[in-house]
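Each residue of the sequence shown is one higher than the one before, starting from 5 at the first, in my numbering.
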Amino acid sequence: MISRRRLLVGTGSMIGAMALSTPAPAKASIGDGAHVPVLVIGTGYGGSVAALRLAQAGVDVHMVEMGMAWDTPGTDGKIFANTRTPDYRSFWLRTRTKQPISNFLGFPIDKNIPRYTGILDAEDFAGITVYQGRGVGGGSLVNGGMAVTPRREHFAAILPTVNPDEMYNVYYPRANAGLGVSNVDVDWWESTACYQYARVGRKHAQRSGFPFVLVPNVYDWDYMEREAAGAVPKSALAAEILYGNNYGKKTLQQTYLQRARATGRVTISPQHRVVSVAPAGGGRYTIMIEQIDTTGGTVATKAVTADRVFFAAGSVGTSKLLVKLKATGALPNLNNEVGKGWGDNGNVMCGRANHMWDPTGRLQSSMPTAGIDNWAAGGAFAEVAPLPTGIETYASFYLSITRTPHRAEFTWNPTAGRVDLSWQTAWKQASITMAKTIFDKINSREGTIYRTDLFGSNKIWGDHLTYHPLGGAVLGRATDNYGRLHGYPGLYVIDGSLIPGNTSVNPFVTITALAERNIEQIVRTDVDTVGA
Ligand code: FAE
């Protein structure tokens, strides 16, 4: 344990973080010149797991998050905006909303908003818009909470270098427990008005012979039942989801991050954006950080040193940083796998127009609970998604995850001074073809048609986006088999960028489980051997 003590040296300088004169977070954000044993970039799934487990092993950790803390109510008394009424809190540095469903009944529904460091980033690349959560808790703040463990027979294709026995016996269960995953009460689900849309989805799937599965979620089901009974303020039953849930959902703020903070060893600097990591000598790294205000403007620049740095900025955030740092000379020894192997998890959306005798319900819980599993036969797993408009739409709505073969690459564009992504819109055709193995059959059996009014006028497929960015620093290629970056001892990747583009289902349980696996090994070997 000599080594662990050594890793703790220097913590004091960080704890004495300076008072800030800027309007950004008043709490103890990291100070210029500080030294920390471990710095984690990003507070999503990978970063939260790393912080908790390192802290439990006795290591002090500082987390740097470019988004907001999301712990203070706005003028309406609520922390988060409603999906039906987007406002300044909803989007990351945009002056107009960019809602995943851009139209309704043919009419565009986007609207102007004040530019602000809001919670949902619709990040545009040439061929695709990548939706991501911004703030303490990362994607857990904005996502649907669907907590799906992939079928074991698909795992070898997802993470070929990882031992499935370990994952299914130890790390998936650990991740599900840590995230607070649980199943909806089936009797309630069968009878409640707010899941009529899911039961209609089941009826249509089963009549066409597709396996239909109920999937777990991180939402507090007891709370949802009380929402339905009118006993508590509504969240899932008031259409809260994309811009945050004021109640009911167990985000990382209520799970991993809460436990991490409770150790007393984890501190977080929100509204701080990492822009560079470079060797500092003596095995340390210098991290350049910009503190930003709510317009995205830089109010302070800080140089911090750390013995170890965990990249947990999400698939896009981590990939962009690594590609830039390799190309611009800060981390030239990163290997040529950095930036490669990126995929969209085969995401494609569509709606179906049901008959008037098949209403999907005016009240729809915003938390999805079910999917149609045609992965083996047709390469598609379709989440039966809510369309919580508050009116009867007679629509069934789906987010499909498909076995797309396409992978893109992030590259540094020196002229523009930014990182580009080589994704091509036309690549979504493969995903559409796979999704159609489900919905063409259902439409044919039911005598129904696709909706054409949700993504434009006369457009069936939501093929311009992904919710599930994965890859860019793939396990066993850009890193070793536990996320240690090749070329730089003490630098690690621990987020969705490790996963090569597809998980066959919604990804956050797999991201969390892989992070649990990797950090256990890192704590066991690297932490104990530092300085020994
Ligand atoms: P992530 O959670 O994205 O966290 C990365 C964090 O790093 C973010 O907070 C960033 O703000 C921060 N960051 C980035 N760059 C920097 C920087 N330079 N400096 C400082 N901080 C930085 O990464 N998945 C499911 O399994 N089930 C679902 O139901 C589901 N629904 C979704 C719905 C929506 C609308 C969206 C957008 C995603 C959904 N996902 C869902 C995907 C899931 O949220 C995503 O895979 C994970 O959040 C990715 O986890 P990471 O740890 O990789």
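Don't be surprised by glycine CBs; every beta carbon is placed ideally from N, CA and C.
- With fewer than 16 other Cβ atoms from the protein chains shown falling within 10 Å of its own Cβ, P112 counts as exposed.
- By the CB criterion at 8 Å, L403 and A389 fall inside the cutoff.
- In the DSSP annotation of this structure, the continuous segment of the beta strand (DSSP E) that includes M67 starts and ends at V65 to V68.
- Counting only runs of 3+ residues, the beta strand (DSSP E) found wholly inside the region 272 to 330 occupies 276 to 285, 288 to 296 and 302 to 315, in chain order.
- DSSP places Q210 inside the alpha helix (DSSP H), whose first and last residues are Q200 to R211.
- Nearest neighbour of I34 by Cα position, chosen from D424, I436, A307 and T529, turns out to be A307.
- In the DSSP secondary-structure assignment, F216 is bridged to I376.
- Distances from the alpha-carbon of P77 to those of G343, V63, Y92 and D64 put Y92 closest.
- In the three-state scheme derived from DSSP, where H, G and I count as helix and E and B as strand, F108 is classed as strand.
- Distance from the CA of F315 to the CA of V531, rounded to the nearest whole angstrom, comes to 17 Å.
- Annotated as distal: K328 and V342, with beta-carbon spacing of 8 Å or more.
- The alpha-carbon of K207 is positioned some 38 Å away from that of G139.
- Contact check for S186 against P215 fails: the beta carbons are separated by 8 Å or more.
- Assigned with DSSP and collapsed to three states, P177 falls in helix.
- Excluding the 5 residues flanking it on each side, A54 has same chain C-beta neighbours closer than 7 Å at V44, F314, A316, I498, A519 and I523, in chain order.
- Straight-line measurement puts the Cα of H39 at about 13 Å from the Cα of G285.
- P493 counts as exposed, since fewer than 16 other beta carbons sit within 10 angstroms of its beta carbon.
- In this structure, the ligand FAE has a non-hydrogen atom nearer than 7 Å to the beta-carbon of I45.
- Scanning its chain for C-beta atoms nearer than 7 Å, with the 5 sequence neighbours on each side dropped, one finds around N339 the residues A482, H490 and G491, in chain order.
- With contacts defined as CB atoms closer than 8 Å, E69 and P274 qualify as a contacting pair.
- Per DSSP, the beta-bridge partners of L43 are H66 and V313.
- T470 places its beta carbon 8 Å or farther from that of A434.
- Its Cα nearest to that of L256, the residue A181 stands out among T322, L474 and A181.
- Approximately 7 Å separates the beta-carbon atoms of I405 and S508; this is inside 8 Å, confirming the contact.
- When DSSP reads this structure, Q136 sits in a beta bridge with D125.
- Residues V42, V44, A55, L58, A59, R269 and V270 of the same chain have their beta carbon placed closer than 7 Å to that of V65, with the five preceding and five following residues left out of the count.
- About 15 Å separates the CB atoms of A243 and N147; that is not less than 8 Å, and the two are not in contact.
- Relative to the non-hydrogen atoms of the ligand FAE, the Cβ of D499 comes within a distance shorter than 7 Å of at least one.
- For E231, the enclosing alpha helix (DSSP H) stretches over residues W225 to A232.
- Nearest to A477 by alpha-carbon distance, out of V527, Q368, L326 and G51, is L326.
- A distance below 7 Å between beta-carbons, with the five flanking residues on each side excluded, links A439 to the following residues of its chain, in chain order: V352, C354, A384, A386, S404 and T406.
- In the same chain as L246, and ignoring 5 residues on each side of it, the C-beta atoms closer than 7 Å to its own belong to T87, L124 and V146, in chain order.
- When distances are taken from the beta-carbon of P220 to the heavy atoms of the ligand FAE, even the shortest one reaches 7 Å or more.
- Within the region 384 to 444, no run of alpha helix (DSSP H) at least 4 residues long lies entirely inside it.
- Taken through DSSP and simplified to helix, strand or coil, R57 comes out as helix.
- With respect to I526, T514 sits apart: the two C-beta atoms are not nearer than 8 Å.
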